[in-house]
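J.: The structure's right below; bear with me while I get my questions together.
In my numbering, the protein residues as written are 5 to 156.
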């Protein structure tokens, strides 16, 4: 079934709010093993950070935390409970990638989730003396070589 949707005109696209997922989660090889669903869940939790800051949800060290229940995630991702549990584990610090850290508070209080900063230091260059250097970057907008089959 295809929906009958209209086009965006002018500045209309700027009037909507969007969830943002950091580009580095798709481009940095260190995040390549993270599933798409876990990346989306991380984006949802990043969005929730704004609410936490407005509510003053900071721990004694000034670290921002969020409350994002399993039920919230099941509802927002339209997924089953078991799958969402696996996604939280995939993101969590002890055995997953480490994009979140969950801390139980006990006494019926909800778990605090610390959404970790996704920025990583650049990886050291993997060049050895025998590794050839990459070709120089193109300095012109127009390539210097011709199309296939043409003489230069």
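Ideal placement from N, C-alpha and C gives every residue a C-beta, glycine not left out. Here the structure is a predicted model, which is why all the values come from computation and not from measurement.
Which residues in the same chain have their Cβ closer than 8 Å to the Cβ of residue 37, if we skip the five residues on either side of it in sequence?
T.: Translated into positions along the chain shown, residue 37 becomes position 33. Counting only Cβ-Cβ distances below 8 Å, and skipping sequence neighbours, we find 101.
J.: Helix, strand or coil for residue 23 per DSSP?
T.: In the chain shown, the residue the question calls residue 23 occupies position 19. Looking at residue 23 - three-state DSSP - the assignment turns out to be coil, as it is neither helix nor strand.
J.: What are the start and end residues of each continuous alpha helix (DSSP H) run of 4 or more residues lying completely inside the region 27-109, in chain order?
T.: The qualifying runs are 28-31, 40-59, 74-81 and 85-95.
J.: If you check the beta carbons only, do residue 103 and residue 46 fall under 8 Å apart?
T.: Start at 1 with the first residue of the chain shown, and residue 103 comes out as number 99. Start at 1 with the first residue of the chain shown, and residue 46 comes out as number 42. Yes. Within cutoff.
J.: Compute the distance between the beta-carbons of residue 117 and residue 69, then report whether it is under 8 Å.
T.: Taking the first residue of the chain shown as 1, we reach residue 117 at position 113. Taking the first residue of the chain shown as 1, we reach residue 69 at position 65. In contact: residue 117 and residue 69 (Cβ atoms closer than 8 Å).
J.: Relative to the alpha-carbon of residue 73, which residue among 39, 59, 91 and 60 has its alpha-carbon at the smallest distance?
T.: Taking the chain shown and counting its residues from 1, the one referred to as residue 73 is at position 69. The shortest C-alpha separation from residue 73 is found at 91.
J.: Mind checking whether residue 81 and residue 41 have CB atoms under 8 Å apart?
T.: Stepping through the chain shown from its first residue, residue 81 is reached at position 77. Stepping through the chain shown from its first residue, residue 41 is reached at position 37. A contact, by the Cβ cut-off of 8 Å.
J.: For residue 57, decide whether its Cβ has a neighbour in chain D, counting only Cβ atoms nearer than 8 Å.
T.: Looking for chain D here will not work: only one protein chain is present.
J.: Which residues bound the beta strand (DSSP E) around residue 118?
T.: Position 114 of the chain shown, counting from 1, holds the residue named residue 118. Segment 116-119, the beta strand (DSSP E) holding residue 118.
J.: Quick one: grab the DSSP three-state call for residue 18.
T.: Looking up residue 18 in the chain shown gives position 14. Three-state DSSP puts residue 18 in a helix.
J.: Roughly how many angstroms lie between the CA atoms of residue 135 and residue 128, to the nearest whole one?
T.: One-based indexing of the chain shown puts residue 135 at position 131. One-based indexing of the chain shown puts residue 128 at position 124. With a pLDDT of 49 at residue 135, under the threshold of 50, the modelled position of that residue is not reliable, and the figure given next carries that caveat. The straight-line gap from Cα to Cα measures roughly 15 Å.
J.: Please work out which residues of its chain come closer than 7 Å, Cβ to Cβ, to residue 67, disregarding the five sequence neighbours upstream and downstream, and give them in chain order.
T.: On the chain shown, position 63 is the one that residue 67 refers to. Only 118 meet the Cβ criterion.
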